[in-house]
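Report on the structure given below.
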Amino acid sequence: MSGLSQLFDRFLGRGDWAVTVPTLDGPLLPNQRLEEAEPFAGLAEADNLVRTDKGILASSANRLMRFGADGHAETLQEFPGDITALAHARGMTAMAIDGKGVVIRGGLHDGREATGDEARRLSCVTALTFLDSNTLLVANGSGTLPASGWRRDLMQKNASGSLWRLDLKSGRLELIRDGLAWPAGIATTGSNRVYVTEAWRHRVLAIDLATRATLPVLEHLPAYPARIAPAFNAGYWLTFYSVRNQLVEFILREEAYRKRMLAEVPEAYWMAPSLGSWRDYREPMQGSQLKQMNVLKPYAVTRSYGLVVHCDQNMKPLSSFHSRADGKVHGTLSACEAGDDLLVASRGGSRIVRVAAAAGGKRG
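Here is the structure:
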């Protein structure tokens, strides 16, 4: 019966075959709070914000950076590949290098790396978080592409991502869940349950580490969820790659056109989500993106967007911070609290901004 239902859904354009996109409304009502936030630092391809006792860590392609409270930066180390994920706890910093896997620096397990045959599968690490002093949770976005291939993974409609548990004492890996459509963020809850974003299915999952039971807790999002960072008030900060676009949804369901686009058009000019836009006249453009009197309307359809959502402990959205179509703070993949303020990394805008008094708590 499910096969017959899918046939009717495809014919009628409903369910998984619908091309409609949920609206930004309620707690997600658009504003300009990211665009109006004060600059903290300029950083090419800014990503992976993590708070430590010695300052804020961030990545810039293959460089590991540390920032002071005044935004002063120092380069700590350069790696042979891009840094795709960071986590810090108990004096340990976990880093993922694109195509190279995971390594621990500092603390109890300094120098530890994933070992064994399973470690070869960690070639697309998108998120890391410490479960305890001896355990690291690892999200692997794709089984076939590197982390830099996120747009191709979406447009190929892949679902080869997975969630792993790494024993830092032995270096052994344990598969928790596979078949995920680009898991991009992990957050602990203080119990066996963890939250995991599933970007291409526009939702956040709750996964029980003991039973492997999986339950959606936030669905039908109007954007592609990325990382999850803890908030002072026991809630979470949820970041996003970009908002969804009705034309992209349509292309994902038009097999012949989609395959030709992937094969014949350079990736920079695909009709697909992006971390930044308006850089090249050859980029795809929809009618509402045309400037009138040299002004781009903030409500125009866009391939790139900046969005951070504050959620409660049950992942219910409470408020949001936006950079709209006419803004520059796009591709906001990472956020972390710094005292009362919220720092947001804009990978598309190559900057870090400070949203004053957004956190509402004292940390450090």
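Mind the numbering: the sequence shown is residues 2 to 365 in this note's numbering, read in order.
The beta carbon of each residue, even a glycine, is placed where N, CA and C say it ideally should be.
Beta-carbon gap between residue i and residue j smaller than 8 Å
| i | j | result |
| --- | --- | --- |
| A70 | A45 | no |
| V354 | L35 | yes |
| R245 | A224 | yes |
| E39 | A357 | yes |
| A188 | P217 | no |
| L181 | A160 | yes |
| G82 | I98 | yes |
| D313 | L319 | yes |
| E114 | G172 | yes |
| L167 | R178 | no |
| R352 | G43 | yes |
| Y300 | R259 | no |
| S347 | A47 | yes |
| Y196 | A214 | no |
| F41 | G72 | yes |
| P23 | H221 | yes |
| F131 | L137 | yes |
| G102 | T94 | no |
| H311 | Q33 | no |
| L30 | K158 | no |
| H1 | L169 | Beyond the ends of the chain as shown, which are 2 and 365, falls residue 1; an answer cannot be given. |
| F120 | L174 | Looking at the sequence provided, one finds Ala at residue 120 rather than Phe. Taking 8 Å as the Cβ cut-off, A120 and L174 qualify as a contacting pair. |
| L50 | L65 | no |
Opening and closing residue of the alpha helix (DSSP H) in which residue i lies
| i | result |
| --- | --- |
| F251 | 247 to 254 |
| L137 | Not the alpha helix (DSSP H): L137 falls in the beta strand (DSSP E), residues 136 to 141. |
Where the beta strand (DSSP E) containing residue i begins and where it ends
| i | result |
| --- | --- |
| L87 | 84 to 90 |
| D154 | Segment 151 to 156 is the alpha helix (DSSP H) holding D154; no beta strand (DSSP E) there. |
| H323 | 318 to 324 |
| E175 | 174 to 181 |
| V302 | Element bounds for V302: n/a, residue is neither H nor E. |
| R280 | Counting along the chain, R280 falls outside any beta strand (DSSP E), and DSSP gives it neither H nor E. |
| V345 | 342 to 347 |
| E338 | 335 to 339 |
| L164 | 162 to 168 |
| M93 | 93 to 98 |
| V356 | 352 to 356 |
6 Å Cβ shell around residue i - same chain, five flanking residues per side excluded
| i | result |
| --- | --- |
| V345 | V309, T333, A336, V354 |
| D209 | N193, R194 |
| A350 | For the sequence presented, residue 350 should be read as Gly rather than Ala. Cβ neighbours of G350 beyond the five flanking positions: K329, V330, H331. |
| T85 | A97, D99, V126, A148 |
| E75 | R67 |
Sequence-distant residues of its chain with Cβ nearer than 8 Å to residue i (five each side left out)
| i | result |
| --- | --- |
| R364 | Only weak support is given to the placement of R364: the predicted model assigns it a pLDDT of 41, under 50, and the question is left unresolved by the model. |
| S278 | E284, T303, R304, S305, H331, G349 |
| K55 | R67 |
| A360 | A232, F233, E338, A339, G340, D341, D342, L343 |
heavy atom of the ligand FMN below 7 Å from residue i C-beta
| i | result |
| --- | --- |
| R228 | Questions concerning the ligand FMN fall outside what the structure shown contains, since it holds no ligand whatsoever. |
Close Cβ partners of residue i (< 7 Å) along its chain, the five nearest in sequence each way excluded
| i | result |
| --- | --- |
| M2 | The pLDDT assigned to M2 is 46, lower than 50, so where the model puts this residue is not dependable, and the model offers no usable value. |
| A185 | T127, A128, A140, G142, T198, A200, P226, A227, R228 |
| L373 | The structure shown does not extend to residue 373, since the chain spans only 2 to 365, so no value can be given for it. |
* Give a yes or no on contact between the region 224 to 241 and the region 261 to 270, applying the rule of three or more CB pairs nearer than 8 Å. => no
* To do: Please go through the region 185 to 248 and give each complete beta strand (DSSP E) segment of 3 or more residues, from N-terminal end onward.
  => 194 to 199, 204 to 209, 215 to 219, 224 to 231, 237 to 244
* To do: Would you list, in sequence order, the uninterrupted beta strand (DSSP E) runs of no fewer than 3 residues that lie entirely inside the region 102 to 129?
  => 102 to 106
* Asked: Which runs of the beta strand (DSSP E) fall wholly inside the region 16 to 81 and span at least 3 residues, in chain order?
  -> 39 to 43, 47 to 53, 56 to 61, 64 to 68, 74 to 79
* If we count Cβ pairs, one from each stretch, closer than 8 Å, do we get three or more for the region 146 to 164 versus the region 266 to 286? -> yes
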